[in-house]
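Residue numbers (the numbering used here): 163 to 417.
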Amino acid sequence: MTTILKLEHIQKYYGSEGSITQAIQDISFGVEQGEFLGIMGTSGSGKTTLLNCISTIDTVSAGHIYLEGTDVTALKPKSLARFRRENLGFVFQDFNLLDTLTISENIALALTINKVPARAVDSRVSDIAKKLNITDILHKYPYHVSGGQKQRCACARAIVNNPKLLLADEPTGALDSHSSQMLLSTMQSIHEQLHTTILMVTHDAFTASYADRILFLQDGKIFTELHKGTDSRTDFFHKILNVLTVMGGGQSHVY
163 MTTILKLEHI QKYYGSEGSI TQAIQDISFG VEQGEFLGIM GTSGSGKTTL
213 LNCISTIDTV SAGHIYLEGT DVTALKPKSL ARFRRENLGF VFQDFNLLDT
263 LTISENIALA LTINKVPARA VDSRVSDIAK KLNITDILHK YPYHVSGGQK
313 QRCACARAIV NNPKLLLADE PTGALDSHSS QMLLSTMQSI HEQLHTTILM
363 VTHDAFTASY ADRILFLQDG KIFTELHKGT DSRTDFFHKI LNVLTVMGGG
413 QSHVY
């Protein structure tokens, strides 16, 4: 397997001398191409900070992040926007769709920004819409569709450029249980059919059970990790709950 993402001794500090908060403490790990990695932790564990550093939204205080051999931490500010457009896809909790554009136009926006020819844009939007089962809502506006449909649209927009890495930050956080299951099934299909490498931050054990491997963060450090291996998703889910209980963050809400 090829390691597509590699983190080496990442540290992140906030504040100034005399009042410094260490959000991430010497974290190192790799992500294999085509892997679905989950990152879990309670509020304040450092999981969102870590995701922001990987996505280049934030900078590290020390250490290096490599995506396909490119040292992301060494990129100049002018290069970062282009790097994000060409290599990363994002799925956020609050969808981040533009209400003035149709679903089709929202998905196409990522391609238009990258100056993809119009004919190719239409073809790729149609293709990804079929894969995610949203063809029948392409002509609608975001305020006319359900939360689950909005999030599938956000997924389509995130992967229409064939990113090297799909980053998902609490993707089910704003959805009910039914819509969450639909979205997770969609992400699983993206992972299995398109072999997309996914890194997902979540605090929810059910959501995390869709991943191949999970890193658990506590106080800015890796507490432990779990591999699904040959486990069923149900068995993996219960193992996740056990780890959360040991960490002091056991969850009682189970779908």
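Note that beta-carbon positions come from the ideal geometry of N, C-alpha and C, so glycine has one too. Source: prediction; values computed, not measured.
Review point. For Gln184, which beta-bridge partners are listed by DSSP?
Key: On the sequence shown, position 22 is the one that residue 184 refers to. Paired residues: Tyr175.
Practice item. Consult DSSP for Phe398 and reduce its assignment to one of helix, strand or coil. Key: What you label residue 398 is simply residue 236 of the sequence shown in a count that begins at 1. It is helical.
Practice item. Taking the CB atoms as reference points, tell me whether Ile360 and Ala330 lie closer together than 8 Å. Key: As a working mapping, residue 360 is identified with position 198 in the sequence shown. As a working mapping, residue 330 is identified with position 168 in the sequence shown. The answer is yes: Cβ separation under 8 Å.
Check your understanding: So, is Leu260 buried or exposed, given that buried needs 16 or more other C-beta atoms within 10 angstroms?
Key -> For this step, residue 260 is matched to residue 98 along the sequence shown. The residue is exposed, with fewer than 16 neighbouring Cβ atoms inside 10 Å.
Review point. Are the beta-carbon atoms belonging to Ala316 and Phe198 less than 8 Å from one another?
Key: For the purposes of this step, residue 316 is identified with residue 154 of the sequence shown, where counting begins at 1. For the purposes of this step, residue 198 is identified with residue 36 of the sequence shown, where counting begins at 1. Not a contact, by the Cβ cut-off of 8 Å.
**Study point:** Burial state of Ile296, where buried means 16 or more other Cβ atoms lie within 10 Å
**Key:** Locating residue 296 in the sequence shown gives position 134, counting from the first residue. Buried: at least 16 other Cβ atoms inside 10 Å.
Review point. Three-state secondary structure (DSSP) at Tyr228?
Key: Taking the sequence shown and counting its residues from 1, one reaches residue 228 at position 66. Strand, per DSSP.
Point to revise | Thr386 in three-state terms, based on DSSP | key: As a position in the sequence shown, residue 386 is number 224, starting the count at 1. Correct three-state label for Thr386: strand.
Review point. For Gln187, which residues of its own chain have a beta-carbon under 7 Å away from its beta-carbon, when the five flanking residues on both sides are left out?
Key: Looking up residue 187 in the sequence shown gives position 25. The residues are Gln173, Gly382, Lys383.
Review point. Applying the criterion that 16 or more other CB atoms from any shown protein chain within 10 Å of the CB defines a buried residue, is Lys240 buried or exposed?
Key: By one-based count along the sequence shown, residue 240 stands at place 78. The residue in question, Lys240, is exposed, as its Cβ has fewer than 16 Cβ neighbours within 10 Å.
Practice item. Specify, as a first and last residue, the run of the beta strand (DSSP E) that Gln105 falls within. Key: Any question about residue 105 goes unanswered here, given that the chain covers just 163 to 417.
**Study point:** With 16 other Cβ atoms within 10 Å as the buried cut-off, status of Ser205
**Key:** Locating residue 205 in the sequence shown gives position 43, counting from the first residue. Under this definition Ser205 is an exposed residue.
Review point. So, are the CB atoms of Val405 and Leu379 less than 8 Å apart?
Key: By one-based count along the sequence shown, residue 405 stands at place 243. By one-based count along the sequence shown, residue 379 stands at place 217. No, Cβ-Cβ distance for Val405 and Leu379 is not below 8 Å.
Check your understanding: Measuring CB to CB, does Gly309 end up less than 8 Å from Ser347?
Key -> Position 147 of the sequence shown, counted from the start, is the residue given in the question as residue 309. Position 185 of the sequence shown, counted from the start, is the residue given in the question as residue 347. Contact: no.
Check your understanding: Is it right to say His365 is buried, meaning 16 or more other beta carbons lie within 10 angstroms of its own, or is it exposed?
Key -> Translated into the one-based positions of the sequence shown, residue 365 becomes position 203. Counting Cβ neighbours within 10 Å, His365 comes out buried, since at least 16 surround it.
Review point. What residue does the alpha helix (DSSP H) around Ala272 start on, and which one ends it?
Key: Position 110 of the sequence shown holds residue 272. Run containing Ala272: 265-275, per the alpha helix (DSSP H) assignment.
Review point. If you draw a straight line from the alpha carbon of Phe399 to that of Thr392, how long is it in whole angstroms?
Key: As a first step, residue 399 must be located in the sequence shown, where it is residue number 237. As a first step, residue 392 must be located in the sequence shown, where it is residue number 230. So the two alpha carbons sit approximately 13 Å from each other.
Exercise for review: Select from Ser223, Phe245, Ile219, Ile182 the residue whose C-alpha is nearest the C-alpha of Lys326.
Suggested key: Numbered from its first residue, the sequence shown carries residue 326 at position 164. Here the closest residue by C-alpha is Phe245.
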